[in-house]
Amino acid sequence: MDGGDSTGYLAASCRIGKPGVIGAALNLSIEFEAKGPETKGFASTCRRIGVRESYVIDDRSPRVVEKENRGGRPTEPSDSPTPAKDPRWVLLDCGECRRSDSLAAADGKTVAECRTSTGRSLCVSSAGLSAPPASSFLYYNCTGTAPDGKNGDAPKIIAAHGDSILLRMMRPREAPSFFMPTFDHFVYRAGAAAAARPPSLSLLPPRNIPTRHEEAHEEGGALRDPYNRVLLPEDTGVLRRGGDELLVMQIELMPEYSERHGTADLCVLQLGSSVWEQKRSVPIVHEEGDELPGPLSAPDMAIPVGDRFLCWVCYEGFILCDMAEEASPKLRYIRLPSSPYDPDYYTDDLLPLPNPQSMGAAGDGAVRFVAIEPRCCCGGLGRSTCPRSRFAFTVTTWTMTLTMDKPVTWVKDGVMDCEELWALPGYEGIPRVHLQEPLVSLDNPDVVFFKVICNADRKAWMIQVDMRRKALLAAVQCSTKRNKHLAARLQ
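Everything in the sequence shown is counted per the working numbering, starting at 1012 for the first residue and increasing by one.
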């Protein structure tokens, strides 16, 4: 590669399937390196082949210039961060769990074991947790030989609520005429010291009820085996309901062309039960006079709130699920306060920000929404190619109290401009680029975590910001991998 050519990092993602069908679509992501000139036309090519989202992480991100840091320089990334002593909650890395062959010798207060569907022994542990903003990981060990001789993948984190974590583990299986992956799903519960409850690991029964999309494919035998049916982090959540009760819930929105449009199917499993239960054609209530959008976009995440609500966050709004009466769940569609970007505004050289918004719980009955919005140097919203504002942005937070039968209102909590953030003590040495992947703290909704990625140096930071006091609380270097994080309370 010539010294004059910068290296770009390009990525595209899409969901293969019909709009509004949850659990039916296949998530596909493509990543590769390319010289700067090769990035031209990448976004338009993605649009032509039907990629739902595409972006180029700017290859002109400024390199980090180390300066004297009044708040201390961010620490170097480490595969084994120093464990914190009983952190109140953690940021769980949602990539693969880390393999450890010494779990038997690990802290016995964190290790749990069960058998997979093929009889193998699976151990999971939450030992060695780190306090935010550092990432924490689950560790596993799987012994015994799989029947087909293939050991499969490491467990992955799908959802979390409190001390309960939903895991998925894939093992390939060869059917008579085609290759089809099979899945085991588990719930790991870290245990509660106050209740003297030991950690546990439970194998969930396969989902015996097919989704609408799966029914359409069963004629060919593709999804007839319940172990072929997968729980995705986008459409599946877990909800703790006091004591030891735990619900696993998967949603499927009915597409616009369906006669059941405006409704959703819910598949619900109560931990300890041997069968799933389907709530079919649950109406999605919306504001009076506000028509339900045509094709509801597939959700991107599931957020538990207290012991009653589960929220599926979509592109322009979210589906609020009220489980106050488990036998009769209620659904409500609520628009997000921040308008999504206009796809006609952006070009191949000016693409939308990656992962610019998120939502989290703000107590037992409210949610906090965080949006990173590009702005021009003149102060107006919208990304600009102007050198003075190429990386300029504002961060805005809103709060809403959840209710099913009363009008709801987003209340703007505050706005922080990038210049305010960059001027804070402790930010020296961190690149002045767009923030990514906001995540709301479990302890204080005013505190938000962001990822900062410098592509020129291939370095990344996780920063912790108090949005109300406008203070940088902490910053650590982290992995540049695109793994999402989930907040969990494992102590």
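Think of the CB as a built atom: it goes at the ideal place given N, C-alpha and C, for glycine as much as any other residue.
Residue from Phe1197, Trp1472, Glu1270 and Leu1347 with nearest C-alpha to Val1241: Phe1197
Unbroken alpha helix (DSSP H) run spanning Trp1433, endpoints: Cys1429 to Trp1433
Reference Leu977, options Met1334, Leu1102 and Leu1446, closest by Cα: Absent from the structure is residue 977, since the part of the chain shown begins at 1012 and ends at 1502.
Contact set for Ser1072: own chain, Cβ-Cβ below 7 Å, skip 5 residues either direction: For Ser1072, the pLDDT reaches just 36, beneath the cut-off of 50, and the residue's location in the model is therefore unreliable, leaving the point undetermined.
DSSP state of Val1237 mapped onto helix, strand, coil: Correcting the residue identity first, residue 1237 is Pro in this sequence and not Val. Correct three-state label for Pro1237: helix.
Residues that DSSP places opposite Thr1408 in a beta bridge: Val1381 and Gly1425
Collapsed DSSP secondary structure at His1224 in the structure displayed: DSSP places His1224 in the helix class (H, G or I) of the three-state scheme.
Val1444 at chain C interface by Cβ criterion, 8 Å: Going by chain labels, chain C is absent from the structure shown, which holds only one protein chain.
The ligand MN heavy atom lying under 7 Å from the CB of Cys1153: Looking at this structure, you won't find the ligand MN or any other ligand, since it has none at all.
Closest residue to Trp1323 among Arg1271, Gly1283 and Ala1372 (Cα-Cα distance): Ala1372
Any 3 or more C-beta pairs closer than 8 Å across the segment 1276-1287 and the segment 1398-1415: no
Proximity winner among Ile1383, Val1259, Val1378 and Met1180, relative to Pro1367 (alpha-carbon distances): Ile1383
Presumed contact (8 Å Cβ cut-off) between Asp1195 and Asn1152, rounded CB distance: Their Cβ separation, rounded to whole angstroms, is 15 Å, which puts Asp1195 and Asn1152 out of contact at 8 Å.
Residue from Thr1121, Ser1146, Ala1227 and Cys1429 whose Cα sits closest to the Cα of Cys1134: Thr1121
Where Leu1277 falls: helix, strand or coil (DSSP): strand
Within 8 Å, strictly: CB atoms of Thr1405 and Arg1379: no
Any beta strand (DSSP E) of 3 or more consecutive residues that is wholly inside the segment 1116-1185: 1123-1126, 1132-1136, 1150-1154, 1167-1172 and 1175-1185
Cβ shell of Ala1485 (< 6 Å), same chain only, five flanking positions each side left out: Pro1144 and Gln1475
Residue of Val1463, Asp1174, Arg1469 and Asp1236 minimising C-alpha distance to Ala1191: The question names Ala, but residue 1191 in the sequence shown is Met. Measuring from the Cα of Met1191, the nearest candidate turns out to be Asp1236.
Spatial distance of Glu1448 from Phe1460 (CA atoms): 8 Å
Thr1412 to Ser1284 span [Cα, whole Å]: 32 Å
Through-space distance from His1172 to Ala1434, alpha-carbon basis: 35 Å
Buried or exposed by the 16-neighbour rule on C-beta atoms within 10 Å, applied to Ser1292: exposed
Endpoints, the beta strand (DSSP E) within which Cys1397 is located: First-last for Cys1397: undefined, no H or E at that position.
Assigned secondary structure, Leu1114 (DSSP; H/G/I helix, E/B strand, else coil): Looking at Leu1114 - three-state DSSP - the assignment turns out to be helix.
In DSSP terms, what Glu1263 is bridged to: Asp1276
Distance between beta carbons of Arg1251 and Ser1128, contact taken as under 8 Å: So it is not a contact: roughly 25 Å between Cβ atoms.
Per-residue burial, Asn1239 [other beta carbons within 10 Å of its own, 16 or more giving buried]: It counts as buried.
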